Amino acid sequence: MNRHFFTSSAAVMLAAGGVARLASGFGPRICFEAPDIGNKSVADLAAEIKADHKKAIDAVKAIAEEALGKSKSGETLATSLKEKADEALTKMNGLTEQVAEIEQKLARSAAGGQEEAKSFGQKFVETAELKALADAPRSGGAASMSVKADITTATTDAAGSAGAGIVPNRRPGVLQLPQRRLTIRSLLTPGNTDSPLIQYVQETGFNNNAAPVAEGAAKPQSDIKLTDKEVSTKVIAHWFRASRQILSDFPQIRSMIDGRLLYGLALKEEGQLLNGDGTGENLLGLIPQATPFAVPAGYTAPAPVTGIDTLRIAQLQAVLAEYPATAHVLNPIDWASIETLKDSEGRYIIGNPQGTLAPTLWGLPVVDTPAMTVGKFLTGAFQLGAQVFDQWTSRIEVGFQNDDFTRNKVTILAEERLALAVYRPEAFIYGNVQPPAGP
Numbered sequence: 138m139n140r141h142f143f144t145s146s147a148a149v150m151l152a153a154g155g156v157a158r159l160a161s162g163f164g165p166r167i168c169f170e171a172p173d174i175g176n177k178s179v180a181d182l183a184a185e186i187k188a189d190h191k192k193a194i195d196a197v198k199a200i201a202e203e204a205l206g207k208s209k210s211g212e213t214l215a216t217s218l219k220e221k222a223d224e225a226l227t228k229m230n231g232l233t234e235q236v237a238e239i240e241q242k243l244a245r246s247a248a249g250g251q252e253e254a255k256s257f258g259q260k261f262v263e264t265a266e267l268k269a270l271a272d273a274p275r276s277g278g279a280a281s282m283s284v285k286a287d288i289t290t291a292t293t294d295a296a297g298s299a300g301a302g303i304v305p306n307r308r309p310g311v312l313q314l315p316q317r318r319l320t321i322r323s324l325l326t327p328g329n330t331d332s333p334l335i336q337y338v339q340e341t342g343f344n345n346n347a348a349p350v351a352e353g354a355a356k357p358q359s360d361i362k363l364t365d366k367e368v369s370t371k372v373i374a375h376w377f378r379a380s381r382q383i384l385s386d387f388p389q390i391r392s393m394i395d396g397r398l399l400y401g402l403a404l405k406e407e408g409q410l411l412n413g414d415g416t417g418e419n420l421l422g423l424i425p426q427a428t429p430f431a432v433p434a435g436y437t438a439p440a441p442v443t444g445i446d447t448l449r450i451a452q453l454q455a456v457l458a459e460y461p462a463t464a465h466v467l468n469p470i471d472w473a474s475i476e477t478l479k480d481s482e483g484r485y486i487i488g489n490p491q492g493t494l495a496p497t498l499w500g501l502p503v504v505d506t507p508a509m510t511v512g513k514f515l516t517g518a519f520q521l522g523a524q525v526f527d528q529w530t531s532r533i534e535v536g537f538q539n540d541d542f543t544r545n546k547v548t549i550l551a552e553e554r555l556a557l558a559v560y561r562p563e564a565f566i567y568g569n570v571q572p573p574a575g576p
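Here the numbering used here is used: the first residue of the sequence shown is 138, the next is one more, and so on.
See the structure below:
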């Protein structure tokens, strides 16, 4: 443990900020260590200092009254009385500062606050012993401060805490969350509309009786069945509220807000295009209108039937409906399961792990998206069987709500309005990737 001592004269100069002068202007002196405060708490010390403070005030009052009495009687004030008054005032002022400082520390402690970390020099200058020596420079006493703690990275107000001096290395900007790759819209035929209602005529039946006809014989008649269909556009929207101050002080946050708003629309749109149930303001998606998977009549799959076989049979089902499939949609888990299938010799069935070609199966592109339920698939003629109509393309608008203008707040809104028309439900086949287990 290291203990440092300073004489009373040196203490006066140190209190005035003369640490350097102390080192150069004083030689060795005999000094005595200030009395130990023992295990007294801050509250006990505060009480003692307040009592001393009151005594100092009473002493100043007594001297003042004595001086006033002598002044009224015409007596000349002695030099000793003036020195006594100066000493009493100096002591009272020093104790006043100590009382104020201890009261502030007690208040911060009661409020659960954390005091600012101080250097050893600051702590020594603020010790009661040094301040007492400053009030009585000719007393011949000494001030000391014990330093016995290891220097650490702690930031608390404790001996050896040096963490407050560490400067963090801060990266600029914001590290944003990842964004999902969105694919379903790109599979469908794009379109635009200036009306909230889209109507179309769908052929639902055709009885083809065409046949060779002999000269003079009656020609056969065929039948065709048509039905009216309609879909309405739906709005997808969300918004953020921000202060004009943050938009001005942190310009990057505006582009971040815009990007998040547009991504949020596209993410919700993908789920609606696939799984929307058509209730309320939901789109009626592809899966609720798709044809259930079924092995076509006349086809017998060789055993054992795997998920790869299931997807090939789904292609056959679409072809027999006169809508050849253009893509498979799978959950990433199911596609990974298919890609890692091996034969009896440990060789991959689908391809080489080092291959860089786009994922395909049975000649069709495979689109893997978390929007598809695990264990399910959708195979279909996406461009022929369905179309997306945009009435409002994705856009960003800024405005005020209620008293936002007077509060320097703005509302940033993103919205789009679209419809999904599924022309031929037979063009889409939906079912389980893995066939049911046999008996």
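Heads up, the beta-carbon is just placed ideally off N, CA and C, and yes, glycines get one too.
Only a predicted model underlies this, so the values are computations on that prediction, with no experimental measurement involved.
Check: Would you call the CB atoms of L423 and F565 closer than 8 Å?
Finding: yes
Margin query: Once DSSP output is grouped into helix, strand and coil, what is the label at P305?
Written below: coil
Next item on the list: Could you tell me whether the Cβ atoms of E553 and L398 are closer together than 8 Å?
Entry: no
Margin query: Just to confirm before moving on: does the CB-CB distance between L334 and S369 stay below 8 Å?
Written below: yes
Check: What residues in its chain sit with their C-beta under 8 Å from that of P327, if we drop five residues either side in the sequence?
Finding: Q524, V525 and D527
Checklist line | Spatial distance of A374 from F542 (CA atoms) | finding: 22 Å
Next item on the list: Could you give the DSSP three-state label for T320: helix, strand or coil?
Entry: coil
Check: What number of angstroms, rounded off, separates the C-alpha of A199 from the C-alpha of A296?
Finding: 42 Å
Check: Would you call the stretch 548-562 and the stretch 528-539 in contact, with 3 or more CB pairs under 8 Å?
Finding: yes
Margin query: The alpha helix (DSSP H) that contains Q409, what's its start and end?
Written below: Q389 to N412
Next item on the list: With DSSP as the reference, label G483 as helix, strand or coil.
Entry: Assigned with DSSP and collapsed to three states, G483 falls in coil, not helix or strand.
Check: Between which two residues does the alpha helix (DSSP H) harbouring S332 extend?
Finding: That residue, S332, is in no alpha helix (DSSP H); it is neither H nor E in DSSP.
Checklist line | Residues that DSSP places opposite N569 in a beta bridge | finding: K513
Checklist line | C-beta contact flag for T516 and L421 at 8 Å | finding: no
Margin query: So for S369, helix, strand or coil by DSSP?
Written below: strand
Margin query: Pull the bridge partners of K546 from the DSSP assignment, please.
Written below: S380
Note to self: Under DSSP, the alpha helix (DSSP H) around P469 begins and ends at which residues?
What the structure shows: P469 to E476
Check: Hey, is the stretch 331-346 in contact with the stretch 355-370, meaning 3+ C-beta pairs nearer than 8 Å?
Finding: They touch, by the three-pair rule.
Notebook entry, point to check: Three-state secondary structure (DSSP) at E340?
Noted result: strand
Checklist line | Nonlocal neighbours in the same chain, by C-beta distance under 8 Å from R381, ignoring five residues either side | finding: These residues qualify, in order along the chain: N545, K546 and V547.
Notebook entry, point to check: DSSP state of S359, grouped into three classes?
Noted result: coil
Next item on the list: Determine which residues share a DSSP beta bridge with P502 and list them.
Entry: T497
Check: Helix, strand or coil for P429 per DSSP?
Finding: Reduced to three states, the DSSP call for P429 is strand.
Item checked: Option nearest M393 by Cα separation, candidates W376, A265 and K405 -> That would be W376, whose Cα lies nearest to the Cα of M393.
Next item on the list: With DSSP as the reference, label Q235 as helix, strand or coil.
Entry: Three-state DSSP puts Q235 in a helix.
Margin query: On a Cα-Cα basis, can you pick out the residue from A291, D446, Y460 and A348 that is closest to P562?
Written below: Y460
Check: Who are the Cβ neighbours of T289 in its own chain at under 6 Å, not counting the five residues just before and after it?
Finding: G297
Next item on the list: Could you pull out every residue in the same chain whose Cβ sits closer than 8 Å to the Cβ of A347, ignoring the five residues on either side in sequence?
Entry: P357 and S359
Check: Any chance the stretch 426-437 sits against the stretch 450-465, with 3 or more Cβ pairs inside 8 Å?
Finding: Yes, the stretch 426-437 is in contact with the stretch 450-465.
Item checked: Residue range of the unbroken beta strand (DSSP E) whose run includes V525 -> That run of the beta strand (DSSP E) goes A523 to G536.
Check: Mind checking R166: buried by the 16 CB within 10 Å criterion, or exposed?
Finding: Low local confidence applies: a pLDDT of 39 at R166 is under 50, so the model's placement there is unreliable, with the coordinate-based value given in what follows. Under this definition R166 is an exposed residue.
Check: How about A556 and F519: are their beta carbons less than 8 Å apart?
Finding: Their beta carbons are not under 8 Å apart, which means A556 does not touch F519 by this criterion.
Next item on the list: Using only alpha-carbon positions, find the residue among D287, E263 and I186 that is nearest to A299.
Entry: D287
Next item on the list: Taking 8 Å as the cut-off, decide whether the C-beta atoms of P496 and W472 are in contact.
Entry: yes
Check: Do you know offhand how far Q313's Cα is from W529's?
Finding: 27 Å
Notebook entry, point to check: On the three-state DSSP scale, how would you describe E352?
Noted result: Reduced to three states, the DSSP call for E352 is coil.
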